[in-house]
Amino acid sequence: MNYKAILSIMYPKDEIERIDGLKIVNDNLEIVFATERLEWNDKLSKIFSCINYDVIKNNKASKLIDAQGLSLNYRQDLNNEVRVTFKDISLAMSERSRIEQETIIKYHVDSTLSVKTKDIYTKLVTAHLRENNRQVELYNTHMEFLNQCIVSIDKFGYCVTNAVQLINVMGK
Amino acid sequence: MNFEHFTNESYDLKILDTYRKNQSYREKIEANEHDYSSKLESIQTRLYQNRFNVNNSLNILTTQSELISLRLNLINEYSRLKVILSKLNNGLSIINAAKVFQNQTGFSDRTNMAKKVERLEKYLNVNNETKTMFIGYIGNIETYQKIVDECLFDLKGIIKITDYLSVF
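As given, the protein sequences belong to chains H and G, one line each in that order.
Using this note's numbering, read the first sequence as starting at 80 and increasing by one per residue.
Using this note's numbering, read the second sequence as starting at 48 and increasing by one per residue.
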């Protein structure tokens, strides 16, 4: 069996359509997540910039308290987003497992390729799953970003405590 | 799905293009790494020199603000790079499958086979090089983030000791 015949069995029209469709979904997800990252960056930068020379020198501690309150709200929002993203990850992973299993069976049954090693199977199956893997990776990266934002907010809490302590020191 | 296009002659140009892009990525990555390193060095100098000095407290405060902003930049950069890496992995999985198909079937056209194999190998190598470069950069970003976290942790102690010393 030649190359084209094997490809027509392993990559029928519906499989190509599935991969292309998922590629469009992933490209859109990439844009959505990039926008969300920028939004969070702006929001957090604003509250982080509250700890500055002016606030301490002129004793504007109320600004710090406002920022601290806002950071708690953001923390809640981030926690909600993490929960939603976690659900999306589990859906994407179970879909990937299903397609992986189907593809493996297909290579065993339909193909006349002389596939003998696990390494070759892995390479062939990974090519079918490439957009599924990318999707899981996109969700994981976004969740990692959200978790790191939560850690940054925690660190901001310590920074506020430090700033208040400094106000005290300077008042002595 | 056509894997055979990787062995087309037009891919000679694509290999060169990827090779040039790699060089440009390397320069950009080196510049970014230098930028982050200098920032961290400057912050650490301010943080650890003249520490425990009450008059230096405002400087410490500015440093704290810089550190937390830098942390935010680093997590953004990290996520951006991971997204690029997932795209690179995607491309590599197609090339790897093309290589398997080629080895298994010899493709449809057996003419100039050696040339085709060589082309596919080169394309795989330049793409692997891009991947390695990005993985290295991501590792460095993680290290910078750890340094920032440690500085933030130390800062807490420095302010406490400054507070204690200010009593005397």
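Cβ atoms here follow ideal geometry from the backbone N, Cα and C, with glycine treated the same way.
Reference residue i, options the options, closest by Cα
i: Gly186(G); options: Asn143(G), Leu63(G), Glu124(G), Ser112(G); result: Glu124(G)
i: Arg93(G); options: Glu77(G), Asp210(G), Leu202(G); result: Leu202(G)
i: Asn175(G); options: Ile206(G), Arg127(G), His81(G), Asn137(G); result: Asn137(G)
i: Ile142(G); options: Phe235(H), Val248(H), His207(H); result: His207(H)
i: Arg67(G); options: Gln192(G), Thr177(G), Leu199(G), Asp196(G); result: Thr177(G)
i: Lys202(H); options: Ile183(H), Phe112(H), Arg213(H); result: Ile183(H)
i: Ala113(H); options: Gln244(H), His221(H), Ile178(H); result: His221(H)
i: Val130(G); options: Val111(H), Pro91(H), Gly100(H), Ser231(H); result: Val111(H)
i: Tyr153(H); options: Asn212(H), Ser231(H), Asn247(H), Glu174(H); result: Ser231(H)
i: Ile168(H); options: Gly100(H), Glu223(H), Asp133(H); result: Glu223(H)
i: Gln244(H); options: Asp64(G), Leu108(G), Leu119(G), Glu80(G); result: Leu108(G)
i: Leu157(H); options: Lys122(H), Tyr90(H), Arg213(H), Pro91(H); result: Lys122(H)
Under the three-state DSSP convention, the category residue i falls into
i: Lys90(H); result: It should be noted that the sequence gives Tyr, not Lys, for residue 90(H). It is coil, neither helix nor strand.
i: Leu208(H); result: coil
i: Glu56(G); result: coil
i: Ser128(H); result: coil
i: Thr209(G); result: helix
i: Lys75(G); result: helix
i: Asn137(H); result: coil
i: Gln111(G); result: helix
i: Thr240(H); result: helix
i: Gln96(G); result: coil
i: Thr196(H); result: coil
Inter-residue Cα distance where the pair is residue i and residue j
i: Lys102(H); j: Thr205(H); result: 15 Å
i: Thr190(G); j: Ile76(G); result: 15 Å
i: Phe127(H); j: Tyr237(H); result: 12 Å
i: Gln227(H); j: Ile98(H); result: 31 Å
i: Thr164(H); j: Tyr218(H); result: 7 Å
i: Lys125(H); j: Ile122(G); result: 16 Å
i: Asn105(H); j: Leu171(G); result: 24 Å
i: Ile208(G); j: Val239(H); result: 17 Å
i: Asp210(G); j: Glu216(H); result: 46 Å
i: Val164(G); j: Lys61(G); result: 15 Å
i: Arg209(H); j: Val188(H); result: 22 Å
i: Val173(G); j: Lys234(H); result: 41 Å
i: Tyr83(G); j: Asp196(G); result: 14 Å
i: Arg166(G); j: Gln180(H); result: 32 Å
i: Cys198(G); j: Leu108(H); result: 35 Å
i: Tyr200(H); j: Lys185(H); result: 11 Å
i: Lys142(H); j: Gly148(H); result: 10 Å
i: Leu225(H); j: Asn150(G); result: 43 Å
i: Ile88(H); j: Glu94(H); result: 10 Å
i: Tyr58(G); j: Ser71(G); result: 20 Å
i: Ser140(G); j: Lys134(G); result: 10 Å
i: Leu151(H); j: Ile246(H); result: 22 Å
i: Leu114(G); j: Glu88(G); result: 12 Å
Chain G contact residues for residue i, given Cβ-Cβ distances below 8 Å
i: Arg213(H); result: Ser133, Lys134, Asn136, Asn137
i: Tyr237(H); result: Leu199, Lys203
i: Ser128(H); result: Ser112, Ser116
i: Lys202(H); result: Ser140, Asn143, Ala144, Lys146, Val147
i: Glu109(H); result: Val130
Neighbouring residues, chain H, relative to residue i (Cβ below 7 Å)
i: Ser85(G); result: Here the premise fails: no neighbours, minimum Cβ distance about 21 Å.
i: Ser140(G); result: Thr205, Ala206, Arg209
i: Ile206(G); result: Asn241, Gln244, Leu245
Contacts that residue i makes with chain G (C-beta to C-beta distance below 7 Å)
i: Asn120(H); result: Leu119, Asn123
i: Ala242(H); result: Leu108
Per-residue contacts from residue i into chain G (C-beta, under 9 Å)
i: Arg97(H); result: Ordered by position in chain G, no residue passes the 9 Å Cβ test against Arg97(H), which lies about 11 Å from the chain.
Partner residues on chain H for residue i, Cβ-Cβ distance less than 9 Å
i: Asp210(G); result: Gln244, Leu245, Asn247, Val248, Lys251
i: Ser57(G); result: What Ser57(G) touches in chain H: nothing, since even the nearest Cβ is about 19 Å away.
i: Ser89(G); result: Near Ser89(G) there are no residues of chain H at all, since even the closest Cβ is about 17 Å away, more than 9 Å.
Listed from N- to C-terminal order along the chain, which residues in the stretch 216 to 235 of chain H have their beta-carbon within a distance smaller than 9 Å of any beta-carbon of chain G? Within the stretch 216 to 235 of chain H, the qualifying residues are Glu216, Leu217, Asn219, Thr220, His221, Glu223, Phe224, Gln227, Cys228, Val230, Ser231, Lys234, Phe235.
Note down, in chain order, all residues in the stretch 159 to 177 of chain H with a beta-carbon under 7 Å from any beta-carbon belonging to chain G. Taking 7 Å as the Cβ-Cβ cut-off against chain G, none of the residues of the stretch 159 to 177 of chain H qualify.
Select from the stretch 59 to 72 of chain G all residues with a C-beta closer than 8 Å to any C-beta belonging to chain H, and list them in chain order. Result list empty, no residue passes.
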